[in-house]
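Take a look at the structure below.
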Amino acid sequence: MKQAIHIFRKDVRRLWPLTLVVVCLFALYGMSSPDKGGSGIPALAEQGPFLSILIGFACWSVAALSIHEDALAEESPFWITRPYNRMSLLAAKALFLFVFMFLPLLATGILLEARAGVGVLPSLGHLLAFDIAVSMWLILPALAIGTVTNNMKAFAGSVVTVFFISFVAARWTVTHLDPGSSMPATNDPNILAWVPMVLAAFCVIGLQYATRKTQWSRAMLAVAIIASAFLMERNSVALASSQIVSPPTFDLQQIQIAFDEATVPQYESSLGSITRNNCISVALNVQGLPAGTELRPFGRPAADVTSVPAGTRSILYAVPELTGEGYREHICIPGPYTTAPETLRASLNFEVIAVSVIAKIPARPGTFAAGKYGRCEILTPFPENTQLLCDLQKPLTGTISAGLEYPGYRVYTNSFVNESGPFRLSPVSREKFDGFSSTAGRGSRGWPFEEAFARPDAHFVLRTEHIIGTIRRHLVYRHFVFPWTTKLNIK
Amino acid sequence: MNYPIRCMDLSKKFRRVQALDRLNLEVPEGAIYALIGANGAGKTTAIKTMMNIHEPDSGSVEISGKDSRRLRGRDFEFIGYVSENQKMPEWMTVDYLMGYLKPFYPTWDDDAATGLIRKFGLPGDRKLSQLSRGMKMKAALASSLACHPKLVILDEPFSGLDPLVRDEFIEGLIEGAEGTTILISSHDLAEIESFASHAGYLERGRMQFSEEMASLSARFREVEVTLGEPAGLPGNWPAEWLQPQTSPAVVRFIDTRFDENTIGERVRKLFPRMTDLSTRAMPLREIFVALAREERRAA
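Residue numbers (our numbering), protein chains in the order written: chain A, 1 to 491; chain B, 492 to 790.
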């Protein structure tokens, strides 16, 4: 233990500027979100991509640098021929990460809960468990990659490779797995997917610190990454299949989905440079879907675009959505852009869901009955942070979703309750329904409460959803021509 | 006799390159053993295998009686290792490095550390990143010697050092590691000759010879034979006589099995018209160059 403390003190001396940055970032997160209880990745995501990316980047950097301080990979490090007790070394690194990552994460969570008016003690166990899981998710992969590299350049290269392999493996899985096939699933596709990654990360770290067999460790990590990527998509498909609660009363094959080539696509935005990636929305023509049912996309769509002069390009973002204007496919098409006709192809997975409305609530501040199931409150403690809180007393089955609707706008989210069975919405932590959801609309910052409050025709809808089947459809748009030649600078 | 380092039929292959080929090596206790060989002969691989940086494909290495594959933490308490390629903790100052290493070594000697820093002229408050290559090597050596190791292994420590720094390095090594077993691989044969007690010559991963410096110096001689009349090289030229050169009435070669008592007779057998025979002791560098040339010729 003395040796571990000695190494820990050295690491603190070496890395204190970066650890200070991490602590400050966590503090910033805690200070800037007084009313959004919860912690971890979902809560971080609510702060917008910049702070999330910054915290993730800082955490990964500190984790990798702390390991590289006494690197075990390769042949040249000074420490591998010094009388280091490897267990002490590992303990020193664990202590370092505990003090400078886990504790700030936990402290931020506690601070947020306290500021949200939730008692610290009742939520401490929950926070601890959640932060352990988040630490594993956030830090463990970085540690594993850190142990098989010996500098930040190699680390960064490995991270890029990991993301590339994951992307390729996930893409392969999407195009080769049939929804509806019999596969085991957990309630959260990401949990099962991360099991091989987390297990491999533990094994790699153990193997490296015990035997320093770097090549074996790297191979193990690569296999785990591929398995994780594969499982993430596979389980996403399996999950949807496993949640079918009742067989459909109609033939799923009668559901026809196609690009509506008669409707002009809408230009939405550019993703980065306007010459590199532009996002459009294309209307989908859906037929054969009975009343009371909807389609909900799941899994990672696979899509590409081809033209003679520009060749075939993979599309990274292709998300279908049910909007106020019906189903639309949001696609970010990569350049180059020409006047030549393009062929868009997309393979999409959908859950077919039966929906039942529980209640309609006026879109204005106040307390309202949620049908016969309980009551909902729309609070406006701060104009920019309006919350919809529902306390539903009656047990319900399926997934609860809530949506805001008014002419031209229709966005639903079911992100706050995932499991079927009895449930209760509360303002505590992650179960709080606060008007924002990462799944509520593409690139959405949440429902536009202020605009909705100003409209008498706006209302919230609470409903239950049951998956009754899954389908996959391959869509082709054969003669797509960019109508925005001036905007895209197409000559 | 104790052998702190023993390599037994040690083999190591990197893809298609056979770096070590059934290498056998014994370093006696207290010896200063010079491991010499051309670039790519396998010196660094051998040393890295000894330090458990590489694992052998076959054969084994024993370090102080322990299989190198099982060398772990505390085993390094009595081993000092300095390599030209070692990645040092550049952010540390010299003083901090020494202070940091101290708790890891039960035999750490503060006085020895201070003495070595002073002797090497190392600026204690300067970061390693701000030191010259020579200074860094000296810092690495000082940090390896301050614990009074039983075994010191140096991999090409003189590479890129200027002569003055080399002298200081060697002086510090000899004084700081008195009585310690030292294995040193180097191309700087002139320097090694001045203090090595044993030498081993590695060629394409195999040990060609390994012996005491005294017997090595005695075994190699440059021989010059003056003849009464011009003569070519006879067909039955002995294999142990390397690099024969002829000018009209003089033949020169290197005898690798020199015996003062028999050389005259052996030469006369091949050159009956010999009028004069002179021999010259060879410095280690010349021996090495002769062997390296022979190796290239054979290859």
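Note that the Cβ used here is the ideal one computed from N, Cα and C, for glycine as well. Since the model is a prediction, treat every value here as computed from it, not as a measurement.
query                                                                                                          : result
Chain A residues whose Cβ lies nearer than 7 Å to that of residue 564(B)                                       : 83, 84, 85, 86
One or two residues paired with residue 330(A) in a DSSP bridge                                                : 281(A), 319(A)
Among 681(B), 734(B), 686(B), 682(B), the one whose alpha carbon lies nearest that of residue 669(B)           : 686(B)
Residues bridged to residue 769(B) [DSSP beta-bridge criterion]                                                : 715(B)
Sequence ranges, beta strand (DSSP E) only - wholly within the stretch 107-136 of chain A, length at least 3   : none
Beta-carbon gap between residue 541(B) and residue 608(B) smaller than 8 Å                                     : no
Burial state of residue 132(A), where buried means 16 or more other Cβ atoms lie within 10 Å                   : exposed
Alpha carbon of residue 624(B) to alpha carbon of residue 645(B), nearest angstrom                             : 15 Å
Minimum Cβ-Cβ distance from residue 578(B) to chain A less than 8 Å                                            : yes
Whether residue 628(B) touches residue 613(B) by CB criterion (8 Å)                                            : no
Assigned secondary structure, residue 265(A) (DSSP; H/G/I helix, E/B strand, else coil)                        : coil
Short CB-CB distance (under 8 Å) between residue 472(A) and chain B                                            : no
Coarse secondary structure for residue 360(A), derived from DSSP in three states                               : strand
Any chain B beta carbon closer than 8 Å to residue 448(A)                                                      : no
7 Å Cβ cut-off: residues of chain B touching residue 77(A)                                                     : 578
Burial state of residue 160(A), where buried means 16 or more other Cβ atoms lie within 10 Å                   : exposed
Sequence-distant residues of its chain with Cβ nearer than 8 Å to residue 755(B) (five each side left out)     : 768
Alpha-carbon to alpha-carbon, residue 265(A) and residue 620(B)                                                : 59 Å
Residue-level contact to chain B via CB, residue 494(A), 8 Å cutoff                                            : With chain A represented from 1 up to 491, any question about residue 494(A) goes unanswered, as that position is not in the structure.
Cβ contact (3+ pairs, closer than 8 Å) linking the stretch 62-77 of chain A and the stretch 549-564 of chain B : no
Those residues which DSSP pairs with residue 504(B) across a bridge                                            : 509(B)
7 Å Cβ cut-off: residues of chain A touching residue 542(B)                                                    : 81
Beta carbon of residue 647(B) nearer than 8 Å to that of residue 688(B)                                        : no
Whole-angstrom distance between residue 517(B) and residue 96(A), CA atom to CA atom                           : 43 Å
Contact under 8 Å by Cβ, residue 499(B) with residue 520(B)                                                    : no
is_contact[residue 153(A), chain B] using C-beta, thresh 8 Å                                                   : no
Interfacial residues, the stretch 4-24 of chain A to chain B, with Cβ spacing under 7 Å                        : 6, 10, 14
DSSP-derived helix/strand/coil call for residue 639(B)                                                         : coil
Proximity test, Cβ basis, 8 Å: residue 539(B) and chain A                                                      : yes
Separation of residue 127(A) from residue 110(A), as counted between CA atoms                                  : 8 Å
CA-to-CA distance, residue 326(A) to residue 289(A), given in whole angstroms                                  : 12 Å
Under 7 Å by beta carbon: chain A residues contacting residue 582(B)                                           : 14
Rounded straight-line distance, which links the Cα of residue 93(A) to that of residue 678(B)                  : 40 Å
Short CB-CB distance (under 8 Å) between residue 494(B) and chain D                                            : Chain labels in this structure do not include chain D; the protein chains are A and B.
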